[in-house]
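K.L.:
Sharing a structure below in structure tokens format, with a few things to ask.
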Ligand SMILES: Cc1ncc(COP(=O)(O)O)c(C=O)c1O
Ligand SMILES: Cc1ncc(COP(=O)(O)O)c(C=O)c1O
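Have a look at this one:
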């Protein structure tokens, strides 16, 4: 009943009535399960909800109305590249030939998908300047793990067991250090310099014979291109370490910078950012990894190969013993990769470069529009995103970045990413992407500026925002203190069901 | 941005910017149109809006949020049978084999669709007790025209040119008299009796040698079964006229009453009511017509035939000269008919009867729940819908049915049909359908009763409703007085564009 | 019941409230003698089985043919966004927007539809919507009678045969319909005969209400619409142009050449062929005719809060208000298809629409050339846009043999005009933006083969041109 | 740019505001020597061409085979409502629900997912979500090490080979992974060897953190999970059950037989095979392990207005807060697939899910009987649900020749276990509710033919059984 505003919904369980539903699956023969020994049988059926199709539909349609999405409005969530999700790609991924293909069929049955994957690998290699690409990792973080495990295998293959350190800048995404730990490495954090770049002195002094790798996000999570990247890479090479590039921010450098050409040994792509595929409420994604010559032998198995006769095949089990192995079952998040392939072909070389140019232009324009109302901690040309800060506003009025973010909701905008990267005081990371119009950028800037004014004239209004959303600010402390992580029948007053 | 409530949207034209869009269709050769003489060429391109896909998507997603729909809430719009629209049917109609079939292909290319249409005709004949069915009419009103033209052709075929009158009850739908006029007949309106049925005396006295047909809606638009239907049909037969049944209310009698068995000569189906297919904002529908023996020769062309060898074909041009001809191009609203076929097979014999039983039970239950708070003008067992009236409330408080309807919006319900049929004072026609749960029926009844109370305690609140919808009551007089029926660039103040 | 929510206890509770013991008691008002015999229909079919059955039936239709069939229904590429927007449940099973406060989505979309079509046809008033091109054209003819209070309408023989048949059916009520013959020979063969029109208009005893002609006409040819319009207006009649909407991206619109009314089939605007419907009947007219136009009109107004809003208006023309005096009996229309057409137009834009039309024209030229290389000539000489008739001896047999080779060689004109000797040996063929050079080469090769001649292009070469291995048949959706 | 809004004047305006003359000036921070070489990629492809290309590639995959392949990915019927709900743009391109005020749709759906899976597995805590069954299982193994502070994990050889390979990769960091062998002969052949397990657990030098076994196991066999659990717990280790969710409609759930953790592949819950993903990694545990479980958790709470609401919680386990101390590096997950699974479960209901599982079991029995009639025996004797291995001489060649006949005869076990002689001549075959009697008859006929025997059922008879003319291959969606 969202036409009078979205309404909170009862859970599926509260909507359930015994005996409702059915009509989807034929009834099995009565003796269907007689073969199964009673000891293996479930005594009570799972208490799943019983609903009919109309109720399921209303449930999910009405729930969907409780979400902010790119399809409904501007979503400048920094670091997440919330660009438009082309509808052709959804259509393509649902083509029967793609959707219904089982992952363990013989290669000859899967030539269409294999060719697509092979071509996509080539395109990503070209975009990144890398020698080869694996499409297997399911997300950026798994791509990082893949990369770091390959680096580990590389050092070991050379008999070098000493290198146990991974250097990461303090502005890096949490997945970088977490990945290093998962792969059994020690994380060494490098502070940022005043200009937002890596502190080169701290960096070189941390480098040494125990350094396995450095992980650099470029452009950084501050939206800044690492101008001293040449020096950095030279130092890494000299130290015998390898250079990992976190490519999550690739949207800022398509056609402008190829990490492989610059000397990075390995990088991951966030397909679900740069190449638009949907990350609905948290995923899915795909985190392909590109490698330079030295790491090719260690790529995960199976790779997609093109045989002499032009046919495609997967590597067979055990075909390449130097491989680090597999990171998951099957070949990759193929459904996501189909979308990425469509995205890349729709744009072509000129279009991809335009993506970057427009994304960077939009970010710089927006930064420019906000410079009087907010602090801009790193005030140089940004790439696809930039950090603004409400530091001064907070000092003057007590209104925090969190409040400003919540207040944006009242005006129909999704807030930017806030308090990330952690190194900026009262920071908000704003990423407009290339698919938002100039009208939208201006309207957003006007609103943010108006909120900055409001913080001075009516701070309480900002501090108590949002006012128009279906729920207000949440009691997160209670959620953590008395965790309620699954539905159980509950008494009315305790946690009332919205009607 | 509907998560903070649906917002009014600028028009497509206001969103347009010169130079936006593209990327869908390859560019044609430069000389593509050189062949076309300049005199035939358009000098100025049509001023269609220029948008990119993201904006088109936001436009339509946000517009869709401004609609009430069965997928979001209860829609008891009497006479419209707003039942749930099964999602399988949408899938089926989009199967390439159905969707991409050109209507003028040779029969051998279209065997799947032809078989489906043939089987659907049989099923509708069985449901209605009629001898044969045409699927050609695009909607109920076109079905009526088809039926009345066949009746005309029948009388003429017998050399009877005198019969120029069509009798319709005063409670009938507007399409009945309008159809009679379109076919060149004179409409004679028959009053209703006190019990809501046709006034049998008035009816028989109007019948005579100039009567071509009577059109009876059964159950009537009051939701009442015509108990004297046997007598009526006898009288019609005696007078040499034919009996047309408006089958729009078939949802009330599936498996309970077959018009053909009872003696009707012809009837139409409102496929988009009884068989669920979507009537999005006004259509599409399908209005198949079933006929008894006497009218078979006059059915529109082409019919769908099954040949001896089991293959299907369309009648050839001119194959059956007695036909009244065609009502439209091609064979019918096939995409709608695919959905109806799926609906009928999903239900089968038992399911269709259950549809009716549940629809009728729900309507009677709801009537019962409302009897203390509202007037119930015809208080006997209703069929799938019933009329309640705010006559007493209006007398007591000045609050009208219109006000109550608008107030329902604030509580998340679509209002019933109001002031129809015209013969009931302050009437509201309520049709719950069989796909609404008992919880929903009760909640709706509670709300209507609460509004009736509110009319007495706070009439202004009701009279000024709705309060929570994206727009309030409209200035319909201005719309008619200064018609603005298409977009033209306009000055800001005059008709401001929502942001 | 597959979609019903009622459990046995639910039903019990309702019956108890009503004081009944069985639902049968609610049907006692049906006279016993007239109660239905049992329904002889199968048992309910679970969705899994039903989906399998439906897929099986769909698979029996052959949609993978290389097709050159148009004849009033055109196969275009529909961008994927169109259907995904259309599939949103908020549009569906919402009847007439009786309650504008909760129907602004539908109402605004209809207003936009009216505006988009108005731009295309160059007329002010657009009704939303009619059943299809044929029904809309019949309504247009009836409009001319109401507006002029005359009873005779002239229709060019080159208007789509289905439209003419439909008009004849609708005119069963006593109005008169005469056909304007076509020029038989020479450069204007196949177009409306202006001299004949002038003669038909000249009968003082039988004044003409309206004249209908199609642009492009059924044979794909371009008519002299302004000349037809001038003759029509000189006789005090109204001029109805039957148009194809995609062509209006490049062809002079009815509003410019003086039509009073435009009608046509909206199917080419993003709507799948679906073996005949649901389509979209386009009907538009000049401002003075606004009270005569049947069908729904949505206008812009304001609400009590001063906001801009949309509402159905001028309803006094419609059957639910006017009953037997209504402009038409139309009630349920094709609103969802009007929405589809709007989304298509919004997605493809003016330049896209022009490219669609121009690509069709270019492919049609290419087709003409490929056929000419085989010695197959056009039946007519007048200019065409993207469809034309060709002269083929024993057309029906040739068509059948092409089909054996996976090619749908257009329309056998004798099938729709069995009594017209001038089209006895002719096929009507068409190209659109989804036609590929490979399709054309395959057609030419197969035709050469069928006619016993030699093929000018080998199939291998042809397929190489496209490269994808997917013929026209695979190029429609996005849907 | 196909999706970009910026016109040349828009760009101009922005550059002017920035005081720049070209966008190149915004890239001067890239050292000149390191600027990219030109992108060697094709020109932008219009949607019509691109859609044709994609359709062509999809058509090169052969999905119309009659298939008996499972091996961890199962082909089920997905009701049409599931994908139509999933396709709604409101779910898409919405990242992590950082702002709960405008993400209640996603947050409530995740909470419901957690609740639904909790019911299926009989455990309290469910994380939403992991990449796939293999990655979730590897995370489960790592969890046991964190929780017990031990470094050695035992995994049954009958856990899916891909999962074992994945664990090996994840364990590259120094943890130890040992395999529990299977019983070689007798009624329990093919299941986890309990004696061997006991021995492996008994090594006091190398204490075990966790034991992993699959139910049904990779060969489709049912394991004695309670016995494995008892041995595991006796050694102070945690027990991880690797499960298949549809089977849990009828099989005893991990919570009942004492598993501490359950992991598995959620693909069978309404998710298309898609040649490998995106799927859904299921991971669940008992309440005491809640601080060890990686991945997202959503809980119920209230808002400042006193309304019930949902929010991400216990985030201190996650990488964005804890960085190198996090429970895992997982960030982007498979949330949209968790939503798909929830919609599937809500649509199909508990009885529907049971029917899916039971139909699979019934069809598998039928398949076993049909093969037995040809003299083809199962490789193992232990009970199975809907998948089993058969002994076929020269399995790889037979498989290939079946393919020539349009049949996908399951999995050649030697392809995934090339060094295991016990599966050298074996195929792993499976049936689900979409398998028809006609499919089974076609398989048997073809197999008889390939093996040079005689066919027990003719193909004609087989097709008649189904009637629709659509094989299994046509029975998956509703999608
Ligand atoms: C800079 C950076 N690195 C890595 C990641 C991790 O990628 P994913 O979320 O796909 O695992 C992200 C995204 O969240 C990121 O922004
Ligand atoms: C009783 C009755 N008769 C006829 C009709 C006309 O049907 P349609 O709207 O399909 O033309 C309707 C529906 O609107 C109706 O309710």
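Chains as they are written, first to last, in our numbering: chain A, 1 to 499; chain B, 1001 to 1499; chain C, 2001 to 2479; chain D, 3001 to 3479.
Virtual Cβ for every residue (Gly too), placed ideally from N, Cα, C.
(1) Taking CB distances under 8 Å as the criterion, tell me whether residue 2049(C) reaches chain G.
(2) Between which two residues does the alpha helix (DSSP H) harbouring residue 3320(D) extend?
(3) Relative to ligand 1, is the shortest distance from any of its heavy atoms to the C-beta of residue 79(A) smaller than 7 Å?
(4) For residue 1478(B), report the span of its alpha helix (DSSP H) as first-last.
(5) Quick one: measure Cβ to Cβ for residue 2104(C) and residue 1415(B), integer angstroms, because I've assumed they're closer than 8 Å.
(6) Determine, using beta carbons only, whether residue 187(A) and residue 421(A) come nearer to each other than 8 Å.
(7) Excluding five sequence neighbours on each side, which residues of the same chain lie with their C-beta closer than 7 Å to the C-beta of residue 2247(C)?
(8) Would you list the residues sitting across from residue 1169(B) in a DSSP beta bridge?
(9) Would residue 3465(D) be called buried (16 or more neighbouring beta carbons within 10 Å of its own) or exposed?
(10) Since residue 2045(C) meets chain D, which of its residues come closer than 8 Å, beta carbon to beta carbon?
(11) Quick one: list the residues of chain A neighbouring residue 2052(C), beta-carbon separation under 7 Å, in chain order.
(12) Answer yes or no: the CB of residue 1502(B) versus the heavy atoms of ligand 2, is any distance below 7 Å?
(13) Tell whether a beta-carbon distance below 8 Å holds between residue 2119(C) and residue 1046(B).
(14) Would a C-beta distance cut-off of 8 Å place residue 3127(D) and residue 3270(D) closer than the cut-off?
(15) For the beta strand (DSSP E) holding residue 1217(B), just list the boundary residues, first then last.
(16) Out of 2008(C), 2116(C), 2089(C) and 2026(C), state which residue places its alpha-carbon closest to the alpha-carbon of residue 2338(C).
(17) If you measure from the beta carbon of residue 2205(C) to each beta carbon in chain D, is any gap under 8 Å?
(18) Where in the stretch 3289 to 3352 of chain D do unbroken runs of the beta strand (DSSP E), each at least 3 residues long, occur, reported from the N-terminal end onward?
(19) Indicate whether at least one CB of chain C lies closer than 8 Å to the CB of residue 1322(B).
(20) Using 8 Å as the limit for Cβ to Cβ distance, is residue 3305(D) near chain A?
(21) Chain B beta carbons: is any one of them nearer than 8 Å to that of residue 2182(C)?
(22) For the beta strand (DSSP E) containing residue 134(A), name the first residue and the last one.
(23) Taking 8 Å as the CB-CB cut-off, is residue 1315(B) touching chain D?
(24) Does the beta carbon of residue 1086(B) sit closer than 8 Å to a beta carbon anywhere in chain A?
(25) Examine ligand 1 and report whether any of its heavy atoms sits within less than 7 Å of the Cβ of residue 173(A).
(26) Closest Cβ-Cβ distance between residue 1307(B) and chain C: below 8 Å?
(27) Check whether chain D comes within 8 Å of residue 2433(C), counting only Cβ atoms and requiring the distance to be less than that.
(28) Identify every residue that forms a DSSP beta bridge with residue 3264(D).
P.N.:
So, from the data block:
(1) In the structure shown, chain G cannot be found, because the protein chains are A, B, C and D.
(2) Boundaries of the alpha helix (DSSP H) around residue 3320(D): 3319 to 3322.
(3) Yes, since a heavy atom of ligand 1 falls inside the 7 Å radius drawn around the Cβ of residue 79(A).
(4) Segment 1476 to 1481, the alpha helix (DSSP H) holding residue 1478(B).
(5) Beta-carbon to beta-carbon, residue 2104(C) and residue 1415(B) are separated by about 15 Å, too far to satisfy the 8 Å threshold.
(6) The answer is no: Cβ separation not under 8 Å.
(7) Closer than 7 Å at Cβ, skipping near neighbours: 2216, 2357 and 2385.
(8) DSSP lists 1190(B) as partners of residue 1169(B).
(9) With a pLDDT of only 38 at residue 3465(D), under the threshold of 50, the placement of this residue in the model should not be trusted; the figure read from the coordinates follows. Counting every other CB atom within 10 Å of its CB across the protein chains shown gives residue 3465(D) a total below 16, marking it as exposed.
(10) Ordered by position in chain D, no residue passes the 8 Å Cβ test against residue 2045(C), which lies about 11 Å from the chain.
(11) Chain A residues near residue 2052(C): none, gap ~10 Å exceeds 7 Å.
(12) Outside the displayed range of chain B (1001 to 1499) lies residue 1502(B), so it cannot be described from this structure.
(13) Going by C-beta atoms, residue 2119(C) is nearer than 8 Å to residue 1046(B).
(14) Not a contact, by the Cβ cut-off of 8 Å.
(15) 1211 to 1217 is the extent of the beta strand (DSSP E) around residue 1217(B).
(16) Sorting 2008(C), 2116(C), 2089(C) and 2026(C) by C-alpha distance to the C-alpha of residue 2338(C) places 2116(C) at the top.
(17) Residue 2205(C) does not count as touching chain D.
(18) As far as the stretch 3289 to 3352 of chain D is concerned, its whole beta strand (DSSP E) runs of at least 3 residues are 3298 to 3302 and 3308 to 3312.
(19) For residue 1322(B), the answer is no, since every Cβ of chain C falls outside 8 Å of its Cβ.
(20) Under the Cβ distance rule, residue 3305(D) counts among the residues neighbouring chain A, one pair being separated by less than 8 Å.
(21) By this cut-off, residue 2182(C) is not an interface position.
(22) Bounds of the beta strand (DSSP E) holding residue 134(A) are 132 to 134.
(23) Residue 1315(B) has a beta carbon lying at 8 Å or more from every beta carbon in chain D.
(24) Interface residue, yes.
(25) At least one heavy atom of ligand 1 is nearer than 7 Å to the Cβ of residue 173(A), so yes.
(26) Chain C, which has no Cβ nearer than 8 Å to the Cβ of residue 1307(B), makes this no.
(27) Yes - at least one Cβ of chain D is within 8 Å of the one on residue 2433(C).
(28) Note: residue 3264(D) sits in a beta bridge opposite 3243(D) and 3282(D).
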